[in-house]
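Undergrad: Per the working numbering: the sequence shown = residues 15 to 100. The structure that follows is given in the form of structure tokens.
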Amino acid sequence: MFSTYVLENPNAKKYTGSTNNLEERLSFHNDIFLEKAKFHRTTYKKGPWHVIFSKEFATREEALKFERFLKTGKGREWLERARHGG
């Protein structure tokens, strides 16, 4: 299974990504000692991060497609409605 996820930090900054292991990926985003890891250069000094949304998919392609959607204006609007029951 693959997940598309959205993280949020204490400053309400959001980060959207996809992975096949959400728990491991979250720990990487929050680990300040892995600063050279290419997939979290934009997040490692800005945490702690927590998951505010995740959705599972059968394939990596589906997860990436949904990730791209969430990064659009309509996707961000959809996420806010989904999070607040709208």
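Cβ coordinates follow ideal geometry from the N, Cα and C atoms, glycine included. Just so we're clear, the structure is a prediction, and the values are computed from it rather than from any experiment.
For a quick check, are the C-beta atoms of K60 and K27 less than 8 Å apart?
TA: The answer is yes: Cβ separation under 8 Å.
Undergrad: Please name the residue or residues paired with F67 in a DSSP beta bridge.
TA: Note: F67 sits in a beta bridge opposite V20.
Undergrad: In the DSSP output, which residue or residues are listed as bridge partners for K28?
TA: K28 pairs with E22.
Undergrad: If you compare alpha carbons, which of R90, E75, F71 is closest to V20?
TA: The shortest C-alpha separation from V20 is found at R90.
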